[in-house]
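Chains as they are written, first to last, in the numbering used here: chain A, 18 to 227; chain B, 1304 to 2165.
C-beta: ideal position from N, C-alpha, C; glycine also.
I have placed the structure first, in the form of structure tokens, so that the comments after it can refer back to it.
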């Protein structure tokens, strides 16, 4: 059922617990990779691998929170599920705010753990798709000439062709030609569609579009 | 020229010679005036003889008159000098007579030279030639002078003087001299009177002075010759005597000396010279001799000499000097002053004797007498001798002192009896009667009433001396004053009574115990404490009433005491009261030894300390309670870490169990996998159990129970407990325990609590430090005094100096969550272990807590 590319990465300094988790998840049909420290995981994981991370919170050296931060700043931020021997409120709040998928005690039942993993995998897939579309759109935007980009910026600002011509010191027809070229390149038919696309690509903040 | 001239000239020559010799003698010895007078007399005689021989051959009466006038001059001097010579030579003449004679003769001279003729003749009218022994001599014819009687009177007076002086000298035993001189001078005078008269009558041609004077001159010449012979004899004798004296003085070690006062010349014999260290020919004077005396004596001796010179005439003194040999010796000197006729001191002559030995003997005698007297006084021993026939008792000084009677009071039997105490009088009488009857003494023991009414106890021994007949003659005895001993004995009784009272009424239990544990004597309080009666106690030993568990608590101490290594020991043990309950006693045991140092019995003092023990027990319980509460509190602080610790294995178990379920659903199930899973589950279960065990051990209420503990194990267990805490606080821990460190003696739980408290405290101290600078170290080492020191060193901010002395005070905390009793409890625990705990700041920052523990005895065979 699973896509083989999806891997559950388990990080725990306690070898006994690491083995038990690996064993359970494997039995449940996941592809599991085990690491006894955060640094080991960051160094050895496949860069493009999809999946999620199940990590101990307290570990000598780099702990769970630090691992999460490092992942977030990498090109492939996998969703993270934290396990802890004894969860305390301040740590869990911090972890969740940093985008942790879940925060479970180590004695949490197997189905709870599996459910969390499922959610994390779904999220990874979704975020991965989003990230793919976004990069495709950005590609489209980068195909514009510098003059077309300038014109696009003025268009997105909501200015008329005459105003744009005056601003850029070119004639109105040139402006029209550039607009035609960029809508063709970006594959949009209307101004409204152009704005949506720009927001989606992260060029225009969503709030400003409204 | 007739033979008379020759004879007369010879006589004159002899006289002149004699006069010259004596003048010479006088010039050498001015004080010998008889020589001067004799010399004058002899020269006068020579003058008369010459003038006379001339006159006898005178040619005219006028010539005769002139010669006779001049003849009166030597006649006067001869008479006067004879008078004074007699006075000097015989030493007995009357001076006034001599003066009268002198005056008369001067008067004769005056008459002689004032008259136209001379004193003898008024006028010489003619010269008559007379044949005299074949020679022809002239004789004056004239009328006698009116003052001729003066001449005769003076001559008679001289006779009187001579006879009187001779008589005196005779009486003074100078007979030879008195006889010869008195006889010679008397004869001369008589002859001259006769001749003079015969001449006047014209029978003799002149006074024939040569004839009359010659006997005197002869006698005196003889006398002088004899004197010379005698002088030589005396000289010889004195030489012999001197030699004898020298030898005798040397043999007798007698110093002889003579001090010439005027010349300050000191002569001493060789003994004295040697004594003071003078060479045989070295000049000596008084000052140099005085210098050689002991400084203490110099002034006194000088003063004695001066007073002897001043009037005493005799000198007697004792002094001491340091002799050549460096020895101090004592001398005694006697001396006599010799004076000139005017009473001026000429010299002192004397002897000196070495009296050192005598003085030493005297000193020794005096010392030994003093010793004896002192011994008697100290021992209060008196001595008496009772002569029965005369009834005279002689008492020694101490005897008087014992009896309180004035020294020297005469004593007899009646007075002796009177001093007896009335109660002993009869016994005393009987004793003495018995002694006298059997002529044998015996012991004495009685009381004396002193004049002041006080009583003296005396004891002694008496002896009866019997004469040949076996009759008692005297009783002698010594008695000793034993009053103080008697009084002491009665005081001893009193103090014994007082002691008995103390013993019985004492606030503590006192028992006298034989070394084998039997009770010899027990006071009431002891019975009260243990609840047994006296008979019951005497049947038991101390061990019988001791709680079985406590029977050996003082065994070692008791052995050391019995071996004499200690003088006393104190122990606490439980005793079983007769009526059941246990009573805690503190017992002090000390040995009582006899005079030889042998153990007589043991003095056991017991005190009921049950109530104190109970409150101690209560206190200990409270302390245990408190430390328990503190442990729970510190575990509370650790709860999250501990939960983490526990959930780790629990989680693993759960995971594995669920995995196993999944594996079981497979077909066929992977049995190998399942076996591994089960093994893992088992291991994790043990891990969980050990965590729980650690917690439980700290949570349990716990009595102090000391055992040998390895330091590294102790530290490891605590570190394990705190592992999670270290991790979450990002603190690194370094443990340095030398492998050969001896084990400590202590209670595991309590010592873990101490370490836990110190580590938690240090963790809190490092809260503020940036990550990466939170380092903890536990070090352990052996101290110089054989203890084991553990140190917890942090890299925190350190302790403010003003707080340093108070870190172990209870309820002092800087932490919001702390109870403030952790360090205080730690201090209590360490001190209960006989150790010490303190805090200090590190030079490189942070604080160090150190505590010491006793090292466990070497493992030995185990």
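- Partner residues in the beta bridge of residue 2144 of chain B, as assigned by DSSP, are B/2150.
- A residue is called buried when at least 16 other Cβ atoms come within 10 angstroms of its Cβ; residue 1984 of chain B meets this threshold and is buried.
- A check of alpha carbon separations from residue 2080 of chain B across B/2039, B/1872, B/1707, B/2156 identifies B/2039 as the nearest.
- Only buried fits residue 2050 of chain B, as 16 or more other CB atoms lie within 10 angstroms of its CB.
- In this structure, DSSP gives residue 2049 of chain B an extended state, which the three-state scheme calls strand.
- When only Cα atoms are considered, residue 1565 of chain B and residue 1573 of chain B end up about 23 Å apart.
- Closer than 8 Å at the C-beta level to chain B, one finds these residues of the stretch 92-103 of chain A: 100, 101, 102, 103.
- Residue 1522 of chain B and residue 1496 of chain B do not touch by the CB rule: their CB atoms are close to 18 Å apart, not below 8 Å.
- In the DSSP assignment, residue 1367 of chain B falls within the alpha helix (DSSP H) that extends over 1364-1393.
- For a Cβ distance threshold of 8 Å, residue set 1951, 1955 of chain B lies close to residue 31 of chain A, ordered along the chain.
- Interface residue (Cβ-Cβ distance to chain A less than 8 Å): residue 1978 of chain B is not classified as such.
- One Cα belongs to residue 1580 of chain B, the other to residue 1567 of chain B, and the distance between them is close to 19 Å.
- By the 16-neighbour rule on beta-carbons within 10 angstroms, residue 1645 of chain B is exposed.
- Rounded to the nearest whole angstrom, the C-alpha separation of residue 95 of chain A and residue 141 of chain A is 6 Å.
- For the stretch 32-54 of chain A, the residues whose beta carbon sits under 7 Å from a beta carbon of chain B are, in order, 33, 34, 36, 37, 38, 40, 41, 44, 45.
- The beta carbon of residue 1388 of chain B sits closer than 7 Å to those of 1337, 1340, 1341, 1344, all from its chain and outside the five residues before and after it, given in chain order.
- Out of A/106, A/200, A/74, the CA that lies nearest to the CA of residue 123 of chain A is found in A/74.
- Rounded to whole angstroms, residue 215 of chain A and residue 81 of chain A show a C-alpha spacing of 36 Å.
- The alpha-carbon of residue 2076 of chain B is positioned some 11 Å away from that of residue 2032 of chain B.
- For the pair residue 1766 of chain B and residue 1744 of chain B, the Cα-to-Cα distance works out to about 4 Å.
- Between the alpha carbons of residue 2091 of chain B and residue 2161 of chain B lies a distance of about 13 Å.
- In its chain, beyond the 5 residues on either side, 1886, 1887 have a beta carbon closer than 7 Å to the beta carbon of residue 1913 of chain B.
- Taking residue 1384 of chain B as reference, the option from B/1347, B/1667, B/1932, B/1862 with the minimal CA-CA separation is B/1347.
- For residue 1878 of chain B, the uninterrupted beta strand (DSSP E) run begins and ends at 1872-1879, by DSSP.
- For residue 1735 of chain B, the uninterrupted alpha helix (DSSP H) run begins and ends at 1725-1741, by DSSP.
- Judged by DSSP in its simplified three-state form, residue 1325 of chain B adopts helix.
- Taking the CA atoms as reference points, residue 121 of chain A sits about 27 Å from residue 2070 of chain B.
- Taking CB atoms only, residue 56 of chain A has no neighbour in chain B less than 8 Å away.
- Exposure of residue 1730 of chain B is indicated by the presence of fewer than 16 other C-beta atoms within 10 angstroms of its C-beta.
- With respect to chain B, the C-beta atom of residue 71 of chain A has no partner C-beta closer than 8 Å.
- Put simply, the backbone Cα of residue 1998 of chain B is about 50 Å away from that of residue 1865 of chain B.
- Along the length of the stretch 1423-1506 of chain B, whole alpha helix (DSSP H) runs at least 4 residues long occupy 1451-1474, 1478-1503, reported in chain order.
- Pairwise C-beta distances place the stretch 1633-1653 of chain B out of contact with the stretch 1733-1743 of chain B, as fewer than three of them are shorter than 8 Å.
- Secondary structure note for residue 1639 of chain B: it is in no alpha helix (DSSP H), and the uninterrupted beta strand (DSSP E) holding it is 1631-1642.
- The three-state reading of DSSP puts residue 176 of chain A in coil, since its state is none of H, G, I, E or B.
- Under DSSP, residue 1759 of chain B takes part in a beta bridge, and its partners are B/1751.
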